[in-house]
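To keep things clear, I will list the structure first and then write my remarks on it.
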Amino acid sequence: MAKKMNPIRKFLSNGAGKSIPWFVILLLCFTMTAGFYFQKTKDDIAKFKNSDFSNEPWFLFQQARADEVSTGATVANDIPTVSAVSLNDGTAITVASNNTQIVNVTGKIDDNNGCGDISAVAARIYFGAAGDQCAANDNTCYVITGANCS
137 MAKKMNPIRK
147 FLSNGAGKSI
157 PWFVILLLCF
167 TMTAGFYFQK
177 TKDDIAKFKN
187 SDFSNEPWFL
197 FQQARADEVS
207 TGATVANDIP
217 TVSAVSLNDG
227 TAITVASNNT
237 QIVNVTGKID
247 DNNGCGDISA
257 VAARIYFGAA
267 GDQCAANDNT
277 CYVITGANCS
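The structure is reproduced here in structure tokens:
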């Protein structure tokens with residue numbers, strides 16, 4: 137009865153039952169994991185048809201690969217600041233019944249990123265009880281909008 141051979145040993149044998157030396161296996165593993173390959177020129181391949189290449193060297197090159205790389209920077213968008221707000225130039229606002237009163241509101245808006253990214257401006261003039269998120273109405277909340285930036 138024939139002796140069973142270990143499948144790994146069978147795979148690593150030279151066909152005559154002798155194992156391939158361990159350093160050859162190690163070299164094959166290193167070659168596969170390091171990504172090395174052999175390269176010959178077209179002239180060498182043409183010579184190959186007429187030669188056994190027994191005395192000609194093969195050259196070993198390491199293959200290098202890289203993913204596409206891009207660089208860039210993101211500039212944070214600074215929050216605009218509002219300063220020098222003035223309501224009616226600091227003068228008291230007196231409104232008579234059934235009349236209207238023109239009131240000037242001025243202020244300065246600065247943006248460190250430039251005013252080009254300011255798309256709209258809104259201001260509210262309201263009586264204290266209405267609050268700063270009030271809806272526009274003629275009695276307690278006046279909303280002023282604009283987008284003039286210079």
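In terms of this note's numbering, the sequence shown opens at residue 137 and continues consecutively. For every residue, glycine included, the Cβ atom is placed at its ideal position computed from N, Cα and C.
**OP:** Determine the closest residue to Ala-266 out of Val-257, Thr-276 and Ala-258, with distance taken between C-alpha atoms.
**Re:** Thr-276
Original post:
Does DSSP put Asp-247 in a helix, in a strand, or in coil?
Top reply: coil
Original post:
How big is the Cα-Cα spacing for Ala-271 and Gly-264?
Top reply: 13 Å
Original post:
Below 8 Å between beta carbons: does that hold for Val-218 and Ile-245?
Top reply: yes
Original post:
Looking at Val-241 and Ile-254, is the spacing between their C-beta atoms short of 8 Å?
Top reply: Not in contact: Ile-254 and Val-241 (Cβ atoms no closer than 8 Å).
Original post:
For the beta strand (DSSP E) that contains Val-282, what are its first and last residues?
Top reply: Per the sequence presented here, residue 282 reads as Gly, with Val not at that position. Its beta strand (DSSP E) spans residues 277-282.
**OP:** Just the C-alpha distance for Thr-227 and Gly-252, rounded to the nearest angstrom, thanks.
**Re:** Looking at the two C-alpha atoms, the distance is approximately 33 Å.
Original post:
Nearest to Asn-224 by alpha carbon, out of Ala-256, Ile-238, Ala-259 and Asp-214?
Top reply: Ile-238
**OP:** Put Trp-158 into one of helix, strand or coil per three-state DSSP.
**Re:** Because the pLDDT at Trp-158 is just 47, under 50, the model does not fix this residue reliably, and the value given afterwards should be weighed accordingly. DSSP places Trp-158 in helix when its eight states are reduced to three.
**OP:** Tell whether a beta-carbon distance below 8 Å holds between Asp-268 and Asp-214.
**Re:** no
**OP:** Compute the Euclidean distance between the alpha carbons of Gly-282 and Thr-236, then round it to the nearest angstrom.
**Re:** 21 Å
Original post:
How many whole angstroms separate the CB atoms of Gly-250 and Ala-220, which I take to be in contact at a CB cut-off of 8 Å?
Top reply: With 8 Å as the limit, Gly-250 and Ala-220 do not qualify as a contact, their Cβ atoms being about 19 Å apart.
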